[in-house]
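Participant:
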Amino acid sequence: MKQRFFFTTLLFFILHHSYTYAQTSTLQTSAQITHLSLADTVEVKRLNKKAEEFVRTSVFDSAIYYGEKSRIIANKLDFEFGEAEALGSIGIASWYQGNFNKAMESFFTALSIFENINHEKGVSNCLNNIGIIFASEKKYDDAEIYYKRTLILKRKLNDVKGISSTLINLGSVYEYRQLYDSALKYYHDALVIKKEISQPKGIAIALNNIGNAMYLKGINNANEAIAYLSRSLKIRDSISDLAGVASTSNLLGNVFLDLNNFTQAEIYLLKAQNILESITNLEQTYKNQDLLAKLYKKTGRFKEAFTALEKAKISKDSLIVLDNRNDILKIELKHDFEKEKLEIEKENSIQAAILASKKQRQNILTWSVSIVLLLVLIMSVFIYNRYRLTHKQKIIIEKHQKDTLDSIHYAKRIQTTLLAHTDFIDQILPQNFILYKPKDIVSGDFYWATKTDKYFYLAVCDSTGHGVPGAFMSLLNISFMAEAINEKNITEPGEVFQFVRQRLIDNISKEGQKDGFDGVLLRFEITNTANTRTINYAAANNSPVLISNGNLSKFANNKMPVGMGISNEPFTTFETTIKKGDVLYLFTDGYSDQFGGSKGKKFMNKNLKDTFLNIQRSEMKGQQEELNLIFEAWKGSNEQIDDVCVIGLKF
73 MKQRFFFTTL
83 LFFILHHSYT
93 YAQTSTLQTS
103 AQITHLSLAD
113 TVEVKRLNKK
123 AEEFVRTSVF
133 DSAIYYGEKS
143 RIIANKLDFE
153 FGEAEALGSI
163 GIASWYQGNF
173 NKAMESFFTA
183 LSIFENINHE
193 KGVSNCLNNI
203 GIIFASEKKY
213 DDAEIYYKRT
223 LILKRKLNDV
233 KGISSTLINL
243 GSVYEYRQLY
253 DSALKYYHDA
263 LVIKKEISQP
273 KGIAIALNNI
283 GNAMYLKGIN
293 NANEAIAYLS
303 RSLKIRDSIS
313 DLAGVASTSN
323 LLGNVFLDLN
333 NFTQAEIYLL
343 KAQNILESIT
353 NLEQTYKNQD
363 LLAKLYKKTG
373 RFKEAFTALE
383 KAKISKDSLI
393 VLDNRNDILK
403 IELKHDFEKE
413 KLEIEKENSI
423 QAAILASKKQ
433 RQNILTWSVS
443 IVLLLVLIMS
453 VFIYNRYRLT
463 HKQKIIIEKH
473 QKDTLDSIHY
483 AKRIQTTLLA
493 HTDFIDQILP
503 QNFILYKPKD
513 IVSGDFYWAT
523 KTDKYFYLAV
533 CDSTGHGVPG
543 AFMSLLNISF
553 MAEAINEKNI
563 TEPGEVFQFV
573 RQRLIDNISK
583 EGQKDGFDGV
593 LLRFEITNTA
603 NTRTINYAAA
613 NNSPVLISNG
623 NLSKFANNKM
633 PVGMGISNEP
643 FTTFETTIKK
653 GDVLYLFTDG
663 YSDQFGGSKG
673 KKFMNKNLKD
683 TFLNIQRSEM
693 KGQQEELNLI
703 FEAWKGSNEQ
713 IDDVCVIGLK
723 F
């Protein structure tokens, strides 16, 4: 109950705060709109305000309608701030409708826009909302990542109110994961700030959450929990926060019931019930009546227990039947129907008048229609015969397509078996992730690993082409690398690339075709687990990046492909040192070359490196999911233009 109430409140706060900012404006926003028509920007703001109002009144279809309308106008005007605000309303409304993917896409696109115009307030609000959605979907690890990124920005902006709310969010995430000590720390930090800014409602929320977490931590903390809940209740009573009073009274009743203090339990549960009957909260009414039934049963008042159970059942049944969004939709449909009915009646009246005035020409019209119908019949016979012939051809083509697709899917199975198995990589470097997204069914990008008695090798490469031709090249490239290391016993990465280049030229480049790959091949000693280790690598038109102590550095590389090219100089075996805790990212160019965002531009290497810096402290599997979400949000409805492969390794 507490979770649902808090998320609802916070989403509205973020939306409202954004509009306040838009109205007052800053140098960043003002500079952006100086070249725009005042009337146009006023219209965008008007539509955004309307979308916000519909979110507040839970008319989510209308909120999305006005948000989309505003977004389209703002996009045409290149009014990025207005477009990002519209996406915020669309994201919130979509989430309430249960459309998780659309909500995420909207918030990530808004986030990209705010980052592009350096609007840190908007960035922090988007990060917070993304965290809220992850938490509502019980993806607490992801929620924690975004809340912590929000907290960093809130502190940078000195947004004291936002800092305290984000601390409560983080506390809730830890509470849901039953990490009560961590949850309590965040709640207490939030309480200190709420007191400093004299925010009674916020103080009451923090006290309520502390009391609840204390009690969930263990029954031996019950007295302390009661003290915090009582302080919260006193404040909520003083500010007439009826929903809050009912929620805290219900929690106190639950605690006293578990302590078998039936007198106090009844006082608080009845207090909650009296309020719930006036504010109509079916979910909390059901929970409160259920607790009253347990209380009456424990005290031997079976008739009252039965009555409470009946009321609980009524509330539960109403919850199942009642769906506010469906009610709103029915009202809207009824309104549309009545409006359409009036229009039809008006149209019928006009048509009746027209028919009356044209009655004398009806016979001529009838003959004309008959002739047309005869012609249509003749044409239909001709078209049907053509359709039969076309349909047969279509069946033949579809069979050929199916056979081709079956062959490609079989090729995918072959390619997958040759890629490095995650279990194999986990044995050497347990902390890793692999993001692999072929453009088509099969891919020209590949990642491959092998080991000898002394060394472990890992390659991430981008073969010429994608789809079936690219996949064919990837199989050749893997087989030649395996031959070099496992059969020819070539140990130096630069010499491996030279061997593969010569094999490619001898086998497929005799007539000058420039087929091959760009990529990187790493090598390090398997037995070396010291805090510092040496890595040797070869890099062809590809520069891995290393993040050490929060600083990003780019590896050196040879500016030539593995294959026939302008230069045939020997490949260098580079050497670098990596410390424990460093994170190394290997990637092809598919991620940074993807078109998307509000202007359909490339993602670019700079943005990819910034993304690595933002996520590098997260758990590795979480980094993979976040990279995928950012890619999909950036791509939006655009076609994926190339294969994507990103590998992260933490030493």
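Take 73 as the starting number for the sequence shown in the numbering used here and just add one per residue. For every residue, glycine included, the Cβ atom is placed at its ideal position computed from N, Cα and C.
(1) Look up W520 in the DSSP assignment and give the residues it is bridged to.
(2) Just to confirm, is the Cβ distance from S319 to Q356 under 8 angstroms?
(3) Is the beta carbon of Y246 closer than 8 angstroms to that of S254?
(4) Return the first residue and the last residue of the beta strand (DSSP E) that D213 is part of.
(5) Report the CB separation of A123 from A135 in whole angstroms; it is logged as a contact under 8 angstroms.
(6) Please classify F675: is it buried, with 16 or more other beta-carbons within 10 angstroms of its beta-carbon, or exposed?
(7) Helix, strand or coil for G566, going by three-state DSSP, please let me know.
(8) Between the region 191-199 and the region 676-683, can you find at least three pairs of beta-carbon atoms closer than 8 angstroms?
(9) So the alpha helix (DSSP H) D495 belongs to, where does it begin and stop?
(10) With DSSP run on the structure shown, which of helix, strand or coil describes L115?
(11) What residues are listed by DSSP as bridge partners for L721?
(12) Check each candidate in E349, D330 and S321 and name the one with the smallest Cα separation from L341.
(13) By the 10 Å Cβ neighbour count, where 16 or more other Cβ atoms means buried, how is L447 classified, buried or exposed?
(14) Have a look at L381 and G694 and give me their C-alpha separation to the nearest angstrom.
(15) Compare the beta carbon distance of Y609 and T563 with 8 angstroms and say whether it is the shorter of the two.
(16) Roughly how many angstroms lie between the CA atoms of Y168 and V540, to the nearest whole one?
(17) What is the residue span of the alpha helix (DSSP H) that E187 lies within?
(18) I need the DSSP call for K707, collapsed to helix, strand or coil.
(19) Can you give the Cα-Cα distance for G668 and W706, rounded to whole angstroms?
(20) If you reduce the DSSP assignment to three classes, tell me which class L154 lands in.
(21) Measure the C-alpha to C-alpha separation of I185 and F179 and round it to an integer number of angstroms.
(22) State buried or exposed for T536, treating a residue as buried only when at least 16 other CB atoms are found within 10 Å of its CB.
(23) Under 8 angstroms, with one C-beta from each stretch per pair, do the region 543-562 and the region 486-493 reach the 3-pair mark?
(24) What are the boundary residues of the alpha helix (DSSP H) that includes L256?
(25) Just the Cα atoms here: how many angstroms apart are S670 and K383?
(26) Return the first residue and the last residue of the alpha helix (DSSP H) that Y609 is part of.
(27) How would you call M286, buried or exposed, if buried means at least 16 neighbouring beta carbons within 10 angstroms?
(28) Using a Cβ-Cβ cut-off of 7 angstroms (strictly less than) and excluding sequence neighbours within five positions of L83, which residues of its own chain qualify?
(29) Hey, N558 and T599: beta-carbon distance below 8 angstroms or not?
(30) With a cut-off of 8 angstroms, do at least 3 Cβ pairs link the region 560-575 to the region 499-511?
(31) Helix, strand or coil for S690, going by three-state DSSP, please let me know.
(32) Under 6 angstroms Cβ to Cβ from F659, same chain only, skipping five residues before and after it: list those, please.
(33) Give me the Cα-Cα distance between N398 and N293, rounded to the nearest whole angstrom.
(34) For F646, which beta-bridge partners are listed by DSSP?
(35) By the 10 Å Cβ neighbour count, where 16 or more other Cβ atoms means buried, how is F126 classified, buried or exposed?
(36) Per DSSP, which residues does S244 bridge with? Please list them.
Facilitator: On the basis of the data shown:
(1) A531
(2) yes
(3) yes
(4) Not the beta strand (DSSP E): D213 falls in the alpha helix (DSSP H), residues Y212 to L229.
(5) 5 angstroms
(6) buried
(7) helix
(8) no
(9) T494 to I500
(10) Correcting the residue type first, residue 115 is Glu in the shown sequence and not Leu. Helix.
(11) N504 and L656
(12) S321
(13) exposed
(14) 44 angstroms
(15) no
(16) 42 angstroms
(17) F172 to N188
(18) helix
(19) 5 angstroms
(20) Residue identity check: residue 154 is Gly in the sequence provided, not Leu. Note: G154 maps to helix in three-state DSSP.
(21) 10 angstroms
(22) buried
(23) yes
(24) Y252 to E268
(25) 52 angstroms
(26) Taken as a continuous stretch (DSSP letters only), Y609 belongs to no alpha helix (DSSP H), being part of the beta strand (DSSP E) at T604 to A612.
(27) buried
(28) Confidence in L83 is poor, its pLDDT being 40 and thus under 50, which makes the residue's placement unreliable; the coordinate value appears in the next sentence. The answer, listed in chain order, is I164, N201 and I204.
(29) no
(30) no
(31) coil
(32) V718
(33) Here N398 scores only 39 on pLDDT, less than 50, and its place in the model should not be relied on; the value that follows carries that caveat. Those two C-alpha atoms are separated by around 43 angstroms.
(34) Y609
(35) buried
(36) None; S244 has no bridge partner.
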